[in-house]
Amino acid sequence: AGNGDGDHLGGLKELVTDLGAIDAREISSFPVGNDIKLRVGRYGPYIERGEKDAEGHQRADVPDDLAPDELTVELAE
Numbered sequence: 001a002g003n004g005d006g007d008h009l010g011g012l013k014e015l016v017t018d019l020g021a022i023d024a025r026e027i028s029s030f031p032v033g034n035d036i037k038l039r040v041g042r043y044g045p046y047i048e049r050g051e052k053d054a055e056g057h058q059r060a061d062v063p064d065d066l067a068p069d070e071l072t073v074e075l076a077e
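Note that the numbering used here numbers the sequence shown so that position 2 is 2, with each residue one more than the last.
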């Protein structure tokens with residue numbers, strides 16, 4: 001299918017071909033700052049400090065009464 005000016009936009013198959021390459025950890029991570037990420041896991045949101053390859057990530061649950069969008073660097077540290 002085209003967009004009317006002769007350019008080929010491709011189909012759904014082309015759009016979803018690379019979906020297998022999506023890193024679930026990466027799309028569920030939101031940078032907070034200072035090597036701290038807000039992550040969304042199976043049991044809810046949590047914060048994680050440290051690199052993926054570093055030994056001994058520091059992790060902590062986000063309290064139920066704190067909305068993830070209200071998380072600041074100061075609260076995370």
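Glycine included, every Cβ here is placed at the ideal spot set by N, Cα and C.
Asked                                                                                                               : Found
Does the region 61-75 come within contact of the region 33-48, defined as at least 3 CB pairs closer than 8 Å?      : yes
Ends of the beta strand (DSSP E) at GLU14?                                                                          : Note, GLU14: premise wrong, no beta strand (DSSP E); alpha helix (DSSP H) at 12-16.
Thinking C-beta only, is ASP35 closer than 7 Å to ARG25?                                                            : no
Please determine, among THR72, PRO68 and LEU75, the residue with the shortest C-alpha to C-alpha distance to SER28. : PRO68
CA-CA distance, ILE22 and GLY56?                                                                                    : 25 Å
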